[in-house]
Amino acid sequence: MINVNINGKIVEVPEGTTILEAAKLVNVKIPTLCHLDLHDIKMVNKAASCRVCVVEVEGRKTLAPACATPVFDGMVVKTDTKKAVKARRTVVELLLSDHPKDCLVCEKNLECELQALAAEMGLRHVKYEGELSEFPKDDSSFSIVRDMTKCIMCRRCETMCNEVQTVHALSGLGRGFDTVVGTAFNLPMYETTCTFCGQCLAVCPTAALAEVNNVPKVWDAINDEKKYVVVQTAPAVRVALGEEFGMEPGTVVTGKMVAALKGIGFDKVFDTDFAADLTIMEEASEFVHRLKHGGKLPILTSCCPGWVKFFEHQFNDMLDIPSSCKSPHEMFGSVAKTYLADKLGVKPENMVVVSVMPCVAKKYEAARPELGHGGTKDVDIVITTRELARMINEAGIGFNHLEEEEFDNPLGESTGASVIFGATGGVIEAALRTAYEWLTEETLENVEFEALRGIEGTKEATININGEDIHIAVTHGLGNARNLLERIRRGEAHYHAIEIMACPGGCIGGGGQPYHHGDLEILEKRIAGIYSEDRAKTIRKSHENPMIKKIYEEYLGEPYGEKAHELLHTYYVPRIKM
Amino acid sequence: MDRIENLDCLLNKQKELEHTMDIRKANHDNTEYRELLICGGTGCVSSQSLKLLENLNEEIRNHGLENSARASITGCFGFCEKGPIVKVFPEDVFYVGVKPEDASNIVSTHLVQGRRVERLLYEEPTLKKKVHTQHEMEFYKKQERIALRNCGLINPELIEEYIANRGYEALGRCLLEMSPKDVIHIIKTAGLRGRGGGGFPTGLKWEYASKQNSDVKYVVCNADEGDPGAFMDRSILEGDPHSVIEAMVINGYAIGANKGYVYIRAEYPLAIKRLKNALKQARQVGLLGKDIMNTGFSFDIEIKYGAGAFVCGEETALIHSIEGGRGEPTTKPPFPAESGLWGKPTSVNNVETFSNVPAIIINGASWYNKFGSHTSKGTKVFALAGKINNVGLVEVPMGITLREIIYDIGGGIKDGKQLKAVQTGGPSGGCITADQLDVEIDYESLYSIGSMMGSGGMIVIDEDNCIVDIAKFYLEFTVEESCGKCTPCRVGNKRLYEMLTKITEGKGTEEDLEAMRNLAETIKLTSLCGLGQTAPNPVLSTMKYFYDEYLAHVRDKKCPAGVCQALLQYHISEDKCIGCTKCARVCPVSCISGKVKEVHVIDQELCIKCGACFEACPVNAISKG
């Protein structure tokens, strides 16, 4: 332990502590901007590039960035001197001098960390004037819009994309004033290896990276009398949406959300959870099939479109191991435009399926040409949790005081197994609840597989089914997934089934969720919300969902059968690795 | 040449080859044999020195003189102003501005008839007569060549000539007679400091790296010379590549590294070629690679090319560039000596620093200590440029005054103009005024007067240069070369540049000057790396010493040097104008009116300040200011 003097206060800290961390311990607040410490998911952005956190260190000629300067024994730090305060102010003034002043109409208005910093510092005019950076907006993709005129070179997106996700789609480009974070050869995002996981925009402090705004499209559909608009909501949305209305993270707002969606004017409000149960029926069947018939193992989950695109680029030699199941919301769309449309007497071409997702990759996924049939797409429009919150506000709905309502049927009934899809480990746990009973023909009493839960990067469990040890792995974050897949490719790891989610924490940490601004506890609270919803359900196994039974009886026939294959399964395409 | 098996073998080889240097070192006339050394540096090569060499050899053959004369290339003589240079040994005759077609004259007159070619001799301005030998030239009298000891003496493409001149002896002695600690001790007590600009004590750097516990360590030679007008490192690598290789191996031995990298700009093709050739030769004779001189110590060197980013001269950026990443600096600590290339302890040293090392090992720390000032030992190579008579490369002992460099060595200011300032330290440095010419130059003194040693660029500014324009020139360079990572450097320097532009356009105010000073100070305090921290120096130092000139720009809207076009006005003197109409006829915008034989007038509103009238007036009736 070493002693540090910060503004006259002595603090004892372990070696390797930064000035910023030490200052926190003595309640000294140093402003930061580029710094982001998501320790639990191994993402620490220590670029020290913004220089907003500079402080005086005795004996040092220049000011030191508090976020990246380790303390030493006897170090004397002053954070509140005129010199330090003035320097920090100037740095923010410089950032503002090269930033569009369109805060009122900006995507990140009230969510922008630069805006918050300027407010905190009490800046009342932009001192420096001059040329503004000009970069063309990249809205080539279905998921992410890049407006690099708003980039402050914090490099969080790069750290996230390269170090956590290991996608390497983003890098610093150019020199001097024209330096910017961009793609290789300045390719449009759509042509890169980007998986559209959206973690870059989840950590972007400004609106340099934002989601593609699909809200106007939804309003147009709702206001089009010829269209029959059905909406579905993903499991992770219900434990995060409340945050947008000032509620504690993890608050389960399912009933209010349904009421709000009905208030907005959707013709039917359904639950992706229903389709998650359907996914389990198919995926568990596929797993059992592979297990019994010597098929390729491990089976990898395929619910996550970011993960799917990742393996299509990075592991395009292993396209035969992921499950062929479509993701739940695509299964929903497929069933909605056939089974449901038929039931409701709506022509599939007049039906608009809207998905409310915690995810921006789902926007891209919905546009994949193979996901649809007969000329209609399975899913027409995808909006994120954040976009839904905006729609609720736009519609003038007082969310917090809404009376809870129920999902519509038949595609609104779900089980506890489906809701846990929202957290890392949930899909495989749900699949196990079903596969176990199918294989053993016994009732699974304890449905909670604790070993597969939690925020840890990679989790493993071995479950004995009929005397055979079934090895399961769960991983989230594409970097963790890469490590695991490389081990499998090298023959060093042997599993029967693996769940992989692109986003740290699973869907609750998706790129379309309310911004966590670096507070990872929020993710933990959402996970807790997910499991409490599971426990609150009377039916907690997908195959016991009465509506699922009904749809197989009435329409799909056998799980993993011919009709199911036509509607609920897909294929993958090799993509270039760059 | 056979593999060098041990120190004796090397010393024997040295003895065997020593005589090849006799003629060059003897400096007398008592032999019939003549050696002609032609500068093979980039500057002279681009002035056809290689064609000249070819012609000389052909003439030598034509005259049947193969047994009594030979011509070969050598490294930079430093007197680049008058290149290409041909030096004739043993008489020490120094021919300047030699063209390929002069070859026959040199051979027929000098070699055959034994007479000097008068017209190719250098005319010493102080004596106002042609001088016959290099020793008589003022340019060389105050120079002390340690880093450049072999430039102009040996053929850089032949390892034999390097060995003949005690090359690799230092390495041999280190490996076989000294412990790594001894080596570090010598470098420390010699007082050698980093020549790349920072001036950090080299011995300390080595010691720090040597103390790190690590399975792998690296030695990196920083050859990413990027200051405008600087070519010290290039000249050393072109003229004496083995000295750098030898020093890198010594560095490796001292810290326990087995691998070295030379990070060199790809724009230095000749230096790369010579370096590659030298590496190959050193490997062939076992002075590089596995089990050097059978000592069990192995060290090899790889070349890495820089793509021409100035910031890659910063050691952490350089390291990232070698690693294949974007060349941008990262926060220190950790320092490279602790965690450098691929996270391993790394000793990064500049080319010139390295080239001093073998000389220090051979001659001892106390010998090296004799040169230099109290705090800065040894010599420093400077690249003299700008408005100075003797543009070129000079190596002088630290502690010499600027006056001696500018007037004694540099031959004074071009065209008899008034010296205004000397810019040292390149874009990171500052301006030194004529009043400070007697300051003894070392790391500390330059820093104390608002400039810095930098890598050794020295640009002379005369009365015709506008100081605001000069500051703008340097700042423009750093604005473009900033890696763009940190805010103060990326945005701050750009804003500073915009303010300077505003001033040179006559739109600046006195408040702008204050704002500029404030911003410049903040950039220095808050930037991440040395580039940003020093970028405002040209602005701050010129504001400190030439504030009146800044004031003239903002208050009087005048550019005293007549450089800033927007502030310029051309006037026709009523007294002098003879009404010849020439000015009106050359004016591209027809803004000059007047009848024949009557006084002409310029319409200031329309004038575009092109200066055509000024040039055309036959009676100097037009003034600018």
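Keeping their order, the protein sequence lines are chains A and B.
Under the working numbering, think of the first position of the first sequence as 1, with each following residue one higher.
Under the working numbering, think of the first position of the second sequence as 579, with each following residue one higher.
Idealized CB from N, CA, C, for every residue including glycine.
Keep in mind the model is a prediction, meaning the values are calculated, not measured.
Quick check on this structure: which residue in the options has the alpha carbon closest to the alpha carbon of residue i?
i	options	result
GLU111(A)	LEU556(A), ILE527(A) and TYR515(A)	TYR515(A)
SER97(A)	GLU448(A), LEU123(A) and ALA236(A)	LEU123(A)
LYS470(A)	GLY509(A), LEU411(A), LEU291(A) and THR376(A)	In the sequence as presented, Lys is not what sits at residue 470(A); that position holds Ile. With distances taken between Cα atoms, ILE470(A) lies closest to LEU291(A).
ALA768(B)	ILE939(B), GLY653(B) and ALA915(B)	ILE939(B)
HIS125(A)	GLN199(A), ASP138(A), GLU134(A) and ARG89(A)	ARG89(A)
ASP40(A)	TYR552(A), PRO504(A), ARG535(A) and VAL237(A)	PRO504(A)
ALA895(B)	GLY874(B), TYR985(B), GLU880(B) and VAL926(B)	VAL926(B)
MET1(A)	ASP73(A), ASN45(A), LYS24(A) and VAL44(A)	ASP73(A)
SER899(B)	LEU589(B), ILE881(B) and LYS910(B)	ILE881(B)
ARG648(B)	LEU614(B), VAL623(B) and VAL674(B)	LEU614(B)
VAL573(A)	ASP320(A), LEU520(A), ILE383(A) and SER327(A)	ASP320(A)
THR953(B)	LEU962(B), GLY977(B), VAL969(B) and GLY964(B)	GLY977(B)
GLU1099(B)	ILE30(A), LYS83(A) and VAL11(A)	LYS83(A)
SER1006(B)	ILE1101(B), ASP586(B) and ILE987(B)	ILE1101(B)
Output needed for residue i: all residues of its chain with C-beta closer than 6 Å, excluding positions within five of it in sequence on either side, in chain order.
i	result
GLY333(A)	VAL353, ASP378 and VAL379
HIS168(A)	ASN162
GLY242(A)	THR251 and VAL253
PRO298(A)	TYR495, HIS496, ALA497 and ILE498
PRO678(B)	GLN626, LYS629, LEU630 and ASN633
LYS356(A)	Looking at the sequence provided, one finds Val at residue 356(A) rather than Lys. Closer than 6 Å at Cβ, skipping near neighbours: THR233, VAL237, ILE383 and LEU388.
Roughly how many angstroms separate the alpha carbons of residue i and residue j, rounded to a whole number?
i	j	result
ALA240(A)	GLU387(A)	12 Å
GLU456(A)	GLY477(A)	10 Å
MET578(A)	LYS362(A)	23 Å
ALA68(A)	SER49(A)	10 Å
TYR228(A)	ARG540(A)	31 Å
ILE1200(B)	GLY1157(B)	12 Å
ALA210(A)	THR159(A)	17 Å
PRO907(B)	CYS890(B)	8 Å
PHE949(B)	ASN855(B)	32 Å
GLU120(A)	GLU370(A)	49 Å
ILE987(B)	ASN7(A)	53 Å
ILE280(A)	SER532(A)	20 Å
With DSSP run on the structure shown, which of helix, strand or coil describes residue i?
i	result
PHE177(A)	helix
THR443(A)	coil
CYS1009(B)	strand
ILE498(A)	strand
PHE655(B)	coil
THR620(B)	helix
SER418(A)	helix
LEU1053(B)	helix
PHE135(A)	coil
GLN232(A)	strand
GLN1001(B)	strand
PRO369(A)	coil
LEU485(A)	helix
LYS1202(B)	strand
LYS992(B)	helix
VAL822(B)	helix
Grab me the residues of residue i's own chain with a C-beta within less than 7 Å of its C-beta, minus the 5 sequence neighbours each way, in chain order.
i	result
SER625(B)	GLY661 and PRO662
GLY830(B)	VAL797, ASN836, GLY838 and PHE877
I want to check one thing, is the minimum distance from the CB of residue i to the heavy atoms of the ligand SAH below 7 Å?
i	result
ASN829(B)	Of the ligands one can find in the structure shown there are none, so the ligand SAH has no counterpart to examine.
What does a CB cutoff of less than 8 Å around residue i pick up in its chain, not counting 5 residues either side in sequence?
i	result
ASN1096(B)	none
TYR1075(B)	LYS1050, LEU1053, GLU1054 and VAL1057
(message) Count Cβ pairs between the region 784-792 of chain B and the region 750-765 of chain B that sit closer than 8 Å; are there 3 or more?
(response) Flag = yes, the region 784-792 of chain B and the region 750-765 of chain B touch.
(request) Taking 8 Å as the threshold, find out whether the region 306-320 of chain A comes into contact with the region 256-275 of chain A through three or more Cβ pairs. (result) No contact exists between the region 306-320 of chain A and the region 256-275 of chain A.
(message) Could you check whether the region 909-921 of chain B touches the region 709-721 of chain B, counting it as contact only if at least three pairs of C-beta atoms, one from each stretch, sit closer than 8 Å?
(response) Counting Cβ pairs under 8 Å, fewer than three are found: no touch.
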